[in-house]
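S.K.: One structure, as structure tokens, below. Some questions next.
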Amino acid sequence: MISLSTLFRLFGGRCFYCNCETWLPMAASRAKMKRRFGIATNAPGSAKAMEYRRATREHVVRVADGGTNGWRNLVLCCRFCNESRGTTPSDEYKAVVAAAIQAGLHPNHGAPLALPKKALRRARREIGMYGPEASHAN
Ligand SMILES: [Zn+2]
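Numbers in this note's numbering are just positions in the sequence shown, counted from 1, shifted up by 1.
Following this line, the structure appears as structure tokens:
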């Protein structure tokens with residue numbers, strides 16, 4: 002499987018879905034990356050804010066849907082987008098993320114970070130509202 006650092010280089014360090022800058026845990030000190038992202042060190046939620054931006058590997062076609070570990074099926078993705086996607090198909094999720102950014106609900110694009118866990122749950126729920134699954138759920 003393609004390494005995370007190779008994916009990072011291929012995507013210029015940016016999330017496939019929200020285009021935020023991500024960071025490689027092994028590449029730089031957290032303090033340096035916090036300064037780069039404008040995250041105040043030791044501020045409430047700053048550790049979570051960093052985690053939202055951590056670079057992850059993302060399967061475009063989910064493994065559960067038959068997606069492979071081949072490089073054509075892998076993109077760089079921030080942890081927030083990765084964990085918030087759920088079962089939404091990749092192309093539709095891109096639109097969901099764009100709507101979430103527009104609505105001020107994406108923590109890597111200016112959404113409040115004060116209550117990280119609640120904010121994450123709320124953002125996921127809110128993002129879901131804009132997603133295709135919400136419109137024909139139940
Ligand atoms: Zn993202």
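All C-beta atoms, glycine included, are put in the ideal place defined by N, C-alpha and C.
Since the structure is predicted, the reported quantities are computational estimates derived from the model, not experimental observations.
Exposed or buried, which one is Ala138 when buried takes at least 16 other CB atoms within 10 Å?
M.R.: One-based indexing of the sequence shown puts residue 138 at position 137. Annotation note: pLDDT 39 at Ala138 (below 50); position unreliable, no value reported.
S.K.: Which residue marks the beginning of the beta strand (DSSP E) containing Leu77, and which one marks its end?
M.R.: Here residue 77 refers to the residue found at position 76 of the sequence shown. From DSSP, the beta strand (DSSP E) with Leu77 extends over 75 to 79.
S.K.: For the putative contact between Arg37 and Leu77, defined by C-beta atoms under 8 Å, what is the C-beta separation to the nearest angstrom?
M.R.: The residue labelled residue 37 in the question sits at position 36 within the sequence shown. The residue labelled residue 77 in the question sits at position 76 within the sequence shown. That pair is no contact at about 17 Å.
S.K.: Could you work out which residue in Asn83, Ala112, Gly71 is closest to Glu23 when comparing CA atoms only?
M.R.: Position 22 of the sequence shown holds residue 23. The amino acid at residue 23 is misidentified as Glu; the sequence shows Thr. Nearest of Asn83, Ala112, Gly71 to Thr23, Cα basis: Asn83.
S.K.: Could you tell me the distance, in whole angstroms, from the CA atom of Ala101 to the CA atom of Arg80?
M.R.: Within the sequence shown, the letter at position 100 stands for residue 101. Within the sequence shown, the letter at position 79 stands for residue 80. Near 15 Å, if we compare the C-alpha coordinates of Arg80 and Ala101.
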